[in-house]
Structure formats: C-alpha cells, structure tokens
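J.:
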Amino acid sequence: MTLLIKGERIVALHKSDDVELPEGLKTVDLQGKYLMPGLTDMHVHAQELEQVFPLLHVVNGVTTLRDMDGSPFLLEWRRRIEEGRMLGPRMILGSTIIDGTPSLWQNSPVPHVSVRNEAEGREAVRQARAQGYDFIKVYSRLSREAYFGIADEARLQQMPFAGHCPDLVTTAEASAAGQASFEHLYGVMYATSSEEAELRERVGEITLRPDTLTGYNTWFQQTHAVEWDAARTYSSAKGLQLFNQLARNGSAQVPTLILHDVLDRSMDLDMDDARLKYLPASVVAGWRWQLAEIYLQGRSAEESEQRRDLFNRRLALVGQMHRAGVRVLAGTDSTTPWVFPGFSLHDELALLVQAGLTPLQAIQSATLEPARYLGMQDSLGTVEQGKVADLMVLDANPLDDIRNTTRIHSVVVRGRFISAEERREFLSDLETLAGSM
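1 is the number of the first residue of the sequence shown in the UniProt record's numbering; add one for each residue after it.
(1) Under the rule that 16 or more other beta-carbon atoms within 10 Å means buried, what is D273, buried or exposed?
(2) Could you round the C-beta distance between residue 442 and L13 to whole angstroms and report it? I think they count as a contact, below 8 Å.
(3) As a quick exercise: from T101, I97, G132 and A191, pick the residue whose alpha carbon is nearest that of T207.
(4) Which two residues bound the contiguous alpha helix (DSSP H) that contains R80?
(5) Look up H45 in the DSSP assignment and say whether it is helix, strand or coil.
(6) For residue 439, name the three-state secondary structure that DSSP assigns.
(7) State the start and end residues of the unbroken beta strand (DSSP E) segment that holds I294.
(8) I'd like the span of the beta strand (DSSP E) that includes residue 449, first residue to last.
(9) Kindly examine the ligand HEM and report whether one of its heavy atoms sits closer than 6 Å to the Cβ of E76.
(10) Mind listing, in chain order, the continuous alpha helix (DSSP H) runs of no fewer than 4 residues lying wholly within the segment 177-225?
(11) Excluding sequence positions up to five away, which residues of its chain have a Cβ less than 7 Å from the Cβ of A46?
(12) Let's see if you can read the secondary structure: which residues bound the alpha helix (DSSP H) around T432?
(13) What's the C-alpha gap between Y373 and R327?
(14) Measure how close the beta-carbons of Q157 and V125 come, nearest whole angstrom, since I'm counting them as under 8 Å.
(15) Which value, in whole angstroms, describes the spacing of the CA atoms of F220 and S282?
(16) Would you say V412 and L380 are within 7 Å of each other, going by their C-beta atoms?
(17) Secondary structure at Y147, three-state DSSP: helix, strand or coil?
(18) Report the residue ranges of all alpha helix (DSSP H) runs contained in full by the segment 349-374; include only those spanning at least 4 residues, in chain order.
(19) Kindly confirm or deny that the segment 28-47 and the segment 290-299 touch, where touching means at least three C-beta pairs closer than 8 Å.
(20) Compare the beta carbon distance of D41 and T332 with 7 Å and say whether it is the shorter of the two.
(21) Taking contact to mean at least 3 C-beta pairs separated by less than 8 Å, is the segment 126-133 in contact with the segment 150-169?
(22) According to DSSP, D99 sits in a beta bridge with which residue or residues?
(23) Looking at the structure shown, is T40 part of a helix, part of a strand, or coil, going by DSSP?
Shown next, in the form of structure tokens:
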C-alpha cells in the first residue's frame, strides 16, 4: 500500500501498483513492514514523570492518552502539544479525583477533592467543568448521596463521568446512573457473586486507619479478602445478567490487567526490569517503597498463592464480559509501580489476548474502541483517508502474535514521521535524562 499524508491528515490510501506519486514529495520506503493505527491508553497518571512521560508514550506508538487525575500542568501540556510546541500524545483529561471523606488519599500528596454530601459533590463537578477538564473522575469512598449527586450534576453539565465504582454503590446502579467507564474491575466481582449481600456488608465495614501515610494501603489490604471470597463464589447467571446490562447501557470496562498482574503477583516481579533505566531514580525508589509498604507488607505465602489464583480469575472475568458484548478498553494505570508509561500498554494487549480476545480484538481495544468511546471515530482509531496520521510501523504482523506490537520500527504522530533512527535517539536521550534526574 501507499499512504499519502499532508499536514496531520491521511489524504490518500492506495495499492502501490495503482498510484503514481507527484514529484517533490518526501517518501519513506517501508516495504515489508506493517502499518497500524497509533495506540490509545485509556487509563494513565502523569503526575510523577513530567519530563519523560510524553516521549515514553510516543516512542512506544501510544499517540492518545486518557489521564485519570487532572492538574493544571496537564492542561498546560495539552495546550503546548496542540500548538505544536511540544511533542507528545493527544490528551483527554479527567478532573481531579473526587472521593469521599476520608479519602483513600488522605495524608498524601496525591491531588484529590474530598466531598461529604451531594451539595459538595455537585460543586466539585461544576468546578471541574470551569477548569477545562473533559470528564469527571469518581472514586472508591464516595457516599451514595454524593455519588448520585455527582452523576446528576455531570449530566446537567454535559460531562461524562468515569472511574472507580464506589464501595457503597453497585455496578448495576452505577451503570444505570450513566457511569461511562469502570476501572480496574472494582466492584464487578462483588456484583457477580452468589454471596453479594454478605460481601457488600463486609465492604461497608471497611475503615481507613488515620495513622497511615494514606488510606489506600489499608483499603487495599482489607478488600483482598472480600475479592477472594467473591471470586470463589462467582455466579455465571449473575454475571451474564450484569454483563448484558452493561452492554445495553454502553458501559465500558477498563480492566487494567497489567495493574492487577503487578499487584497480585508483586512477589514474582523482575526487580531489575530493563525498562527501569528510563525512569528517574527517585521514581524507582518510590516504586520499590510502594511495593514493600503497601502491596507486599504482611503478605503471607498463603495469600501469595491466593493472589496468583485471583489474577487468573480476573482474566477469566474479562473474557466472559467481552464474550457478553461489554466494551473492553485497554488501559494500564501507569505510573503504578512496574507499570511503565508507553511500554506497558503492549503488555496489556498481550494480557487481553490471554483473557480470550483475539489479537485483532485486543488491538481494537486500544484503537477503534477508544475512538468510538471518545466520540472521535471520525479522526482516530483506523487507517483511513481523512483521519489523523497517528500511526505505528511494525517489523512483524501483530495478528500472527500480539507481542509483535512491540517490534516497532517507526511512529507517526499527527503527521510527524519519527524514523527508526530518531526513535532510537529518543530512547537514548530518555535514558540519559532519567539518569540525570
């Protein structure tokens, strides 16, 4: 095939035997390569990696991001990228996290808004709209009153809302209220258990210790036992009923399997992963601390085996949702420890195939389906005339093996061609920059 690009757009796509190129064009011979759309990561956090974050995605063919906790510096990033003053992916920005009181991020530097009631929840939505964010991010400890107030205000303000399914709200209720996407499978296991009522009582009794650095570690440790019992009491009938409702409502799932792979199987991680060299030493040190103090602290050998089993059950759950017609979107939750910006989206695609998607369906979960979810299918998601030239060139066919998405030759970002040589230079520069930070 021959692809013609003018500015940011694909202006023509022909079989190479059928086209004569005008003189004066810049041409690139990619014969024998494979061309596919640039990838979209539907769940990222950019806070810790300001200087290296955009390029780490670009060199990995990730050309669109949905950031799940907005901040003023991200609004500025987006302006600079859209004005051509900074090389980076397209950015869809969520609001600052809106959580209950106390928040999982109490006593932490993670930006968040804690709301106590419906009125405060509605005001948080209005502020997010005024600040210029694209959607509302809801979180785990919201009260029912605050959550449904946020849902209604988001509708009034014509803003989608997405995020965690709060502990005190069922997945079915949240889907009916219009939550556009659900992250990390939180709540789905409870909702598909034959013992849901008892499990929800236990979730409602979870308390956050005020003497910890954040509430997140105590919440994470307490929810494991509930998730484990939920997974062991999975009801296929309840699952099918819920999944059919999610599919009818268009409620998307962003399972972030790579996140669960890391957190469930932290004890099995490669602590010397070669990709660590692209991250500042302070970030790597923070990651090691989080693994030790939040995720592995107090974990017994028995719990480790449970978590390995639990991860396999998560894979099965995603496969069941997909087969029931639920929209599955690829996301990573970078920068959770050992979830690498850019790189880990390829790991997520491989895990989605392991869960039961075909390689093409996994690719679509990071291309066509995000474009449809975002209402940007006229510009993104496929390689077609008239669409934005966000592209990835591969050395091998990803339909033969999904891992071939990592065999990146070159990248095109909004019509800007990044050759194999320039891509290698970017990676070398990122390594040098990380080493100096």
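We put the beta carbon where it would ideally sit given N, CA and C, even for glycine.
Note that the structure is predicted; figures quoted are calculated from it, not measured.
T.: With the structure as the only source:
(1) exposed
(2) With the chain running from 1 to 437 in the structure shown, residue 442 is simply not present.
(3) T101
(4) P72 to E82
(5) coil
(6) Since the first and last residues shown for the chain are 1 and 437, residue 439 lies out of range.
(7) No beta strand (DSSP E) holds I294; DSSP gives it neither H nor E.
(8) In the structure as shown, the chain starts at 1 and stops at 437, and residue 449 therefore has no counterpart that could be examined.
(9) Annotation note on the ligand HEM: not contained in the displayed structure, which lists no ligands.
(10) 188-191 and 196-204
(11) F53, D67 and L74
(12) A420 to S436
(13) 9 Å
(14) 6 Å
(15) 24 Å
(16) no
(17) helix
(18) 359-364 and 368-373
(19) no
(20) yes
(21) yes
(22) S114
(23) strand
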